[in-house]
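Anchor point for the sequence shown: position 2 equals 287 in our numbering, and the numbering is continuous, going up by one each time. The beta-carbon is built from N, C-alpha and C at its ideal position, and this holds for glycine as well.
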Amino acid sequence: MIDEWMFKIDDDPKLRAQALAEDAESQRRSTVYPPGLHSDGDMWRIGSLRFWKAEACKFHRNADPFPTYIRGSLQTTLFPDMRLEAERFTTKDGQPATAIMLRSEKDPNGTFGTFSLDEHDAARIIAVLNVDMDEARKLATERFCARGGDPTAVASLRAPSPSERFRILDAILGDPDDQ
286 MIDEWMFKID DDPKLRAQAL AEDAESQRRS TVYPPGLHSD GDMWRIGSLR FWKAEACKFH
346 RNADPFPTYI RGSLQTTLFP DMRLEAERFT TKDGQPATAI MLRSEKDPNG TFGTFSLDEH
406 DAARIIAVLN VDMDEARKLA TERFCARGGD PTAVASLRAP SPSERFRILD AILGDPDDQ
């Protein structure tokens, strides 16, 4: 299964470093998902991840207690425990770099967002996006409460683990191993 293979990569530091280097190399060559932080109108983009800007959330009509983010073409809830963090690695050409990972309590290895060859630039991107994501969550919660939602009912919600995500996707799209 795909998720078992992914866990093997995450459990082995050498394989994980190689996977990050591959992701960075792929992004470096990509015209669709170039490295760094980009502003796409109402959203921030780092690699294949896009997050609503807090300012845009003021006008977004979503009734959910949390904003959403987009990974590739899948829209997903931005749970309270999700945050961007740095992870150091070495690129394929030997340069020290920092991966920017979207992580949660149940997914400490996270999802690759983008990378930077400059540690200070990576820290800036992480700070800007984490502050903006917190503000977007605050606005979404306020809107949810204004529509009669109970914030205590959702306060303990957490992002799913990778295996829980795969089960959800398999239920929607079918299990590719069954083909």
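- Message: With a threshold of 7 Å on Cβ separation, who are the neighbours of Pro298 within its own chain once the five nearest residues in sequence on each side are excluded?
- Response: Excluding five sequence positions before and after Pro298, none of the CB atoms of its chain fall closer than 7 Å to its own CB.
- Item | Spatially closest choice to Ser389 from Pro365, Gln312, Tyr354, by CA coordinates | It is Pro365 whose Cα lies nearest to the Cα of Ser389.
- Coil, strand or helix - Leu359 by DSSP: strand
- Message: Restricting to Cα atoms, I'd like to know which of Pro393, Phe374, Ala421, Ser311 is closest to Ser333.
- Response: Ser311
- Message: For a minimum of 4 consecutive residues, which ranges assigned as the alpha helix (DSSP H) are wholly contained in the stretch 402-436?
- Response: 404-431
- Task: Kindly confirm or deny that the stretch 372-386 and the stretch 401-421 touch, where touching means at least three C-beta pairs closer than 8 Å.
- Result: yes
- Does the distance from the C-beta atom of Asp417 to that of Lys343 stay below 8 Å? Cβ atoms of Asp417 and Lys343: not closer than 8 Å.
- Task: Determine the closest residue to Ala306 out of Gly326, Thr399, Arg356, Glu370, with distance taken between C-alpha atoms.
- Result: Thr399
- Message: Taking the alpha-carbon of Cys507 as reference, which of Pro350, Phe336, Gln360 has the nearest alpha-carbon?
- Response: What is shown of the chain runs 286 to 464, which leaves residue 507 out entirely.
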